[in-house]
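4 protein chains.
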Amino acid sequence: MEMTGSREVVLVVDVVRPEEKMLWHSLSALNLKPKILNVNQVPLKMTECPGEIALIRPVSMFKAVYAAAALEAGGCRCINSSFSILYAGDKILSLTTLMRHGLPVVESVIAMHPQAALQVLLSQKKPVIDKPPIGSWGRMVSLVKDSETAKMVVEHREAIPASQARIHIIQEYIDTGREDIRCFVVAGECLGCVKRIASDIEWRANVALGGRVEPLGEGVEELCELAIRAAGALKAFYAAVDILKPKGASTVLINEINGVPEFKAFQKATGIDVARALAEKVFEEFR
Amino acid sequence: MEMTGSREVVLVVDVVRPEEKMLWHSLSALNLKPKILNVNQVPLKMTECPGEIALIRPVSMFKAVYAAAALEAGGCRCINSSFSILYAGDKILSLTTLMRHGLPVVESVIAMHPQAALQVLLSQKKPVIDKPPIGSWGRMVSLVKDSETAKMVVEHREAIPASQARIHIIQEYIDTGREDIRCFVVAGECLGCVKRIASDIEWRANVALGGRVEPLGEGVEELCELAIRAAGALKAFYAAVDILKPKGASTVLINEINGVPEFKAFQKATGIDVARALAEKVFEEFR
Amino acid sequence: MEMTGSREVVLVVDVVRPEEKMLWHSLSALNLKPKILNVNQVPLKMTECPGEIALIRPVSMFKAVYAAAALEAGGCRCINSSFSILYAGDKILSLTTLMRHGLPVVESVIAMHPQAALQVLLSQKKPVIDKPPIGSWGRMVSLVKDSETAKMVVEHREAIPASQARIHIIQEYIDTGREDIRCFVVAGECLGCVKRIASDIEWRANVALGGRVEPLGEGVEELCELAIRAAGALKAFYAAVDILKPKGASTVLINEINGVPEFKAFQKATGIDVARALAEKVFEEFR
Amino acid sequence: MEMTGSREVVLVVDVVRPEEKMLWHSLSALNLKPKILNVNQVPLKMTECPGEIALIRPVSMFKAVYAAAALEAGGCRCINSSFSILYAGDKILSLTTLMRHGLPVVESVIAMHPQAALQVLLSQKKPVIDKPPIGSWGRMVSLVKDSETAKMVVEHREAIPASQARIHIIQEYIDTGREDIRCFVVAGECLGCVKRIASDIEWRANVALGGRVEPLGEGVEELCELAIRAAGALKAFYAAVDILKPKGASTVLINEINGVPEFKAFQKATGIDVARALAEKVFEEFR
Numbered sequence: 001m002e003m004t005g006s007r008e009v010v011l012v013v014d015v016v017r018p019e020e021k022m023l024w025h026s027l028s029a030l031n032l033k034p035k036i037l038n039v040n041q042v043p044l045k046m047t048e049c050p051g052e053i054a055l056i057r058p059v060s061m062f063k064a065v066y067a068a069a070a071l072e073a074g075g076c077r078c079i080n081s082s083f084s085i086l087y088a089g090d091k092i093l094s095l096t097t098l099m100r101h102g103l104p105v106v107e108s109v110i111a112m113h114p115q116a117a118l119q120v121l122l123s124q125k126k127p128v129i130d131k132p133p134i135g136s137w138g139r140m141v142s143l144v145k146d147s148e149t150a151k152m153v154v155e156h157r158e159a160i161p162a163s164q165a166r167i168h169i170i171q172e173y174i175d176t177g178r179e180d181i182r183c184f185v186v187a188g189e190c191l192g193c194v195k196r197i198a199s200d201i202e203w204r205a206n207v208a209l210g211g212r213v214e215p216l217g218e219g220v221e222e223l224c225e226l227a228i229r230a231a232g233a234l235k236a237f238y239a240a241v242d243i244l245k246p247k248g249a250s251t252v253l254i255n256e257i258n259g260v261p262e263f264k265a266f267q268k269a270t271g272i273d274v275a276r277a278l279a280e281k282v283f284e285e286f287r
Numbered sequence: 001m002e003m004t005g006s007r008e009v010v011l012v013v014d015v016v017r018p019e020e021k022m023l024w025h026s027l028s029a030l031n032l033k034p035k036i037l038n039v040n041q042v043p044l045k046m047t048e049c050p051g052e053i054a055l056i057r058p059v060s061m062f063k064a065v066y067a068a069a070a071l072e073a074g075g076c077r078c079i080n081s082s083f084s085i086l087y088a089g090d091k092i093l094s095l096t097t098l099m100r101h102g103l104p105v106v107e108s109v110i111a112m113h114p115q116a117a118l119q120v121l122l123s124q125k126k127p128v129i130d131k132p133p134i135g136s137w138g139r140m141v142s143l144v145k146d147s148e149t150a151k152m153v154v155e156h157r158e159a160i161p162a163s164q165a166r167i168h169i170i171q172e173y174i175d176t177g178r179e180d181i182r183c184f185v186v187a188g189e190c191l192g193c194v195k196r197i198a199s200d201i202e203w204r205a206n207v208a209l210g211g212r213v214e215p216l217g218e219g220v221e222e223l224c225e226l227a228i229r230a231a232g233a234l235k236a237f238y239a240a241v242d243i244l245k246p247k248g249a250s251t252v253l254i255n256e257i258n259g260v261p262e263f264k265a266f267q268k269a270t271g272i273d274v275a276r277a278l279a280e281k282v283f284e285e286f287r
Numbered sequence: 001m002e003m004t005g006s007r008e009v010v011l012v013v014d015v016v017r018p019e020e021k022m023l024w025h026s027l028s029a030l031n032l033k034p035k036i037l038n039v040n041q042v043p044l045k046m047t048e049c050p051g052e053i054a055l056i057r058p059v060s061m062f063k064a065v066y067a068a069a070a071l072e073a074g075g076c077r078c079i080n081s082s083f084s085i086l087y088a089g090d091k092i093l094s095l096t097t098l099m100r101h102g103l104p105v106v107e108s109v110i111a112m113h114p115q116a117a118l119q120v121l122l123s124q125k126k127p128v129i130d131k132p133p134i135g136s137w138g139r140m141v142s143l144v145k146d147s148e149t150a151k152m153v154v155e156h157r158e159a160i161p162a163s164q165a166r167i168h169i170i171q172e173y174i175d176t177g178r179e180d181i182r183c184f185v186v187a188g189e190c191l192g193c194v195k196r197i198a199s200d201i202e203w204r205a206n207v208a209l210g211g212r213v214e215p216l217g218e219g220v221e222e223l224c225e226l227a228i229r230a231a232g233a234l235k236a237f238y239a240a241v242d243i244l245k246p247k248g249a250s251t252v253l254i255n256e257i258n259g260v261p262e263f264k265a266f267q268k269a270t271g272i273d274v275a276r277a278l279a280e281k282v283f284e285e286f287r
Numbered sequence: 001m002e003m004t005g006s007r008e009v010v011l012v013v014d015v016v017r018p019e020e021k022m023l024w025h026s027l028s029a030l031n032l033k034p035k036i037l038n039v040n041q042v043p044l045k046m047t048e049c050p051g052e053i054a055l056i057r058p059v060s061m062f063k064a065v066y067a068a069a070a071l072e073a074g075g076c077r078c079i080n081s082s083f084s085i086l087y088a089g090d091k092i093l094s095l096t097t098l099m100r101h102g103l104p105v106v107e108s109v110i111a112m113h114p115q116a117a118l119q120v121l122l123s124q125k126k127p128v129i130d131k132p133p134i135g136s137w138g139r140m141v142s143l144v145k146d147s148e149t150a151k152m153v154v155e156h157r158e159a160i161p162a163s164q165a166r167i168h169i170i171q172e173y174i175d176t177g178r179e180d181i182r183c184f185v186v187a188g189e190c191l192g193c194v195k196r197i198a199s200d201i202e203w204r205a206n207v208a209l210g211g212r213v214e215p216l217g218e219g220v221e222e223l224c225e226l227a228i229r230a231a232g233a234l235k236a237f238y239a240a241v242d243i244l245k246p247k248g249a250s251t252v253l254i255n256e257i258n259g260v261p262e263f264k265a266f267q268k269a270t271g272i273d274v275a276r277a278l279a280e281k282v283f284e285e286f287r
């Protein structure tokens, strides 16, 4: 197939992380002429697209969503789309979308008022997780083991002015041995999965909280299949899918999906070049 | 047609306004057995629906979206759906969706950083509107006529911690003679349109800001057709569509869409029973 | 002594609680002609005082401080003064002032950055209290027993935009058997003390959190003496002084001081008419 | 007089600006052995002082106040004291303190509720200034010329969650030809005054907003005398005093006082070595 010289990819950023540098190199290597668009510096018109495909990478979830929406209105094909970034970034929209697609998730209750949240939290016999719908890197994901912690979480959350922070997603605490699984999906294919193991002083396995990453040998097929279906439910071109494997259970549960994922730690642990894989799939979109 | 006794509508609220009372009466009159579900009091499981159809009426936009999403996951048919409420409630998602459907909107620029916003605002020769993507009743919709006001808006917006409040939608100020038009669409039909006229001490025509409402006689067909297409673009079962008619121009522009609209003032000005019309269309959904 | 008719007391409020009603009656009974000044309705000029003495009662700490400051500039004698309300209302200013007066307080560390707070919290072997400098009714006063709770408190506190909420006062947890003591001081005299006993599902003894109040029989003299000295250190005309009695210890510690105290529960438990006692002392100030 | 080797100054910072570097050098040159104490890194005990005198320089007003308070409780002599930093940093406390000392200030009204603020703003015939009590570098100081701007300011301010941001100081706009005067006082002596001239696109003269600084030749004595009295009213060891000279008027008004002032621009315009002058006065305090 003949190639024209005009295929240009817009790399949309706010802060440039190692991931964005890797993507720039991988796109350049495929002659996709990446152009940086920094949404903190350039206002976005809704009537133009400075390339054919836009790779949406702002760290700020809302900046990513709005940049994608504006560029889509201007005619860009956005990867991921504003819809996918929004529905992956908001944990209630993710959970409910996955459920409507028949995918297994952690059973959850939504409480929208401090009294309703306290009622749920104080009635639990076992530890539960309480988290707001918006938030990255495990931030404010709280393990509630007793009534003191329950009140502490509810009182503090009320003091946060963002409306969404005052919404509570309350879930059974799944004992996974302080581990979780993260699989990478690109264009309907699974690149592989890793295990994230929480540090000694932390129950959450997020890398930002000190979790370490190990490649996952066995049982990857089933996990990969689930991750592909999860990414599909959110119409994501690519995604990192977090999965929980309850201790002693035979089934797994989808926990969260990231539509603008970091992948440095995954790449280091597995040797898989995520940036290159993504750039190649973007390249194929031009055909 | 035969009716079964099982058709139940859940009326989902946080605060009960006159609109919700009217809806309760209209639903009851049609034997639709409305049950109040107050999301400030009752935590929402995602696995059950306490009726077949849920009419989503919380005043808080995020509570409305999340209630609809949770109930949809539990099997409810939600009116409006979480998607429609979210995409109508967020002004950037509305604008870009309408544009992608080829509908006429006010030309807009999105600025995501104070410097980018100032750059846009200070380069304008004519007055512009600056508004955040989330917000009701005209709140924080600012008319920027000079550099002093531009800086005032940007500095204040930065001090608001909600991420979305710091995003700027900047639009040419459309001189409509301090009026706008609001049309009501239910199930693909247009109930009619009204004119909202700003009070003497206010340029915004919102009723919450003192605007008064008058029935609109002529030219309703064209406006109605546009409103129906706008509601369709957002997949809204019903919606109030705000339309701007620039002075001296022959075309009109869609300004905003409300997916959980108030309708007391519309009903009073036109004599049209919105609650009853909506309840009847909900009734038909059971067939 | 002769009395003139001109002695007028301004009762400054934002919300009217039972305490303010009692004060109004007690002031009226002494012919002090209370005039209500609602700071939510009336802007305050700094050049006038609508009475001779102003009794400062807004629930909002900052409204109380600023109302007192404005009225003092206008020539009012304010009870309490802006200084006393501010230095009582801010827990760091209270603690450090009491310490400089040689009074016994709970040993405290101030951390001004999340990393510094975590460092202190994670190095503790015993439970500690973490609280922000501003806040009433025990709100956000957190009992930190383990590293999970430590991180939860620090992460949530960071998400609160008010600068002061992100400052941490970290104190050894004093085991008092879930009780504390509250003494009332008016014009250098101690009206008495009560014991506040936490509810079964709460470790904090605040009445707003369900604590019940009992009169305190023995050992009141020593407590009263301490409370009088504490009120004096803050130059408060009247104050409620909260005191902790560590289990098994012979000494007591001053915990907090309230410069706009509620006293309904104290009055009910002791039969002491606080409003009348305060009104009488205000009356004496006119001589 | 004999000198011991033990005289040590603690330089308390959060962020290190050019001013703090200059102070470090000037203190070192006088053999005062400055030790940096970064309050973002080091938790503060209230029972110890790591030197004899602490020079309080955090950019964050509350960090400065609380650091000074904690160190004072530990036995430090703080320059400036927690009291001076707090009463200079809070514009209502400054204004009312200056008024009680009989010093000339801009006439001001305090509004504590949006309705009260709107009532004041909408009743003005001439332009007014609206500013919150806390804030540096002219931020959110708004020039309100019409009812549209009035509503804009009130609506935005309400959306800011910090209680103090929702308090309005409303003042007659003083036409100074877009200039103000800043005098530097150290230990009861006036180092000199400068004129700050607003940039072409800004009415506020703050250096952070592009204002340029020029030395002030004539009439400095009277200004200096006023500045000394203002610093004295706030018990400040040193301070920058901002003064307004209304066009065509013979008298001047004190506008604001800064208790942790920046002085790079002053130093450059006048050639006066502020850091050295301050260090020398600190040195004299050891005698």
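Chains as they are written, first to last, in the UniProt record's numbering: chain A, 1 to 287; chain B, 1 to 287; chain C, 1 to 287; chain D, 1 to 287. Cβ atoms here follow ideal geometry from the backbone N, Cα and C, with glycine treated the same way.
Three-state secondary structure (DSSP) of residue i
i: residue 18 of chain B; result: helix
i: residue 141 of chain A; result: coil
i: residue 156 of chain C; result: helix
i: residue 228 of chain B; result: helix
Cross-chain neighbours of residue i in chain B, by beta carbon under 7 Å
i: residue 61 of chain D; result: Near residue 61 of chain D there are no residues of chain B at all, since even the closest Cβ is about 15 Å away, more than 7 Å.
i: residue 45 of chain A; result: 109
Backbone CA spacing between residue i and residue j [nearest angstrom]
i: residue 175 of chain C; j: residue 247 of chain C; result: 6 Å
i: residue 190 of chain D; j: residue 51 of chain D; result: 27 Å
i: residue 275 of chain B; j: residue 101 of chain A; result: 33 Å
i: residue 269 of chain A; j: residue 19 of chain A; result: 15 Å
i: residue 9 of chain B; j: residue 26 of chain B; result: 11 Å
i: residue 180 of chain D; j: residue 197 of chain D; result: 7 Å
i: residue 364 of chain D; j: residue 159 of chain D; result: This structure gives no information on residue 364 of chain D, because the portion of chain D shown stretches from 1 to 287.
i: residue 3 of chain D; j: residue 79 of chain D; result: Residue placement at residue 3 of chain D is poorly supported in this model, since its pLDDT is 42, which falls under 50; the coordinates are not used for a value here.
i: residue 200 of chain D; j: residue 215 of chain D; result: 19 Å
i: residue 280 of chain D; j: residue 187 of chain D; result: 10 Å
i: residue 7 of chain C; j: residue 284 of chain C; result: 11 Å
i: residue 251 of chain B; j: residue 154 of chain B; result: 32 Å
8 Å contact criterion, which residue i and residue j should meet: CB distance rounded
i: residue 23 of chain B; j: residue 11 of chain B; result: 6 Å
i: residue 282 of chain A; j: residue 95 of chain A; result: Not really, about 29 Å apart at Cβ, beyond 8 Å.
i: residue 298 of chain D; j: residue 236 of chain D; result: No answer is possible for residue 298 of chain D: it lies beyond the span of chain D, which begins at 1 and ends at 287.
Interface residues of chain D facing residue i [CB-CB closer than 7 Å]
i: residue 96 of chain C; result: 46, 69, 70, 72 and 73
Can you pull out the residues from the segment 100–126 of chain D whose beta carbon lies closer than 8 Å to at least one beta carbon of chain C? 100, 107, 108, 109, 110, 111, 112, 113, 115, 116, 117, 119 and 120
Pull out every residue of the segment 217–234 of chain D whose Cβ sits closer than 7 Å to any Cβ of chain B, in chain order. Flagged: no residues at all.
Which residues of the segment 158–169 of chain D have a Cβ closer than 7 Å to any Cβ of chain B? Give them in chain order. 159, 160, 161 and 165
Below 7 Å between beta carbons is the criterion; list the residues of the segment 125–141 of chain D that meet it against any residue of chain B, in chain order. 139 and 140
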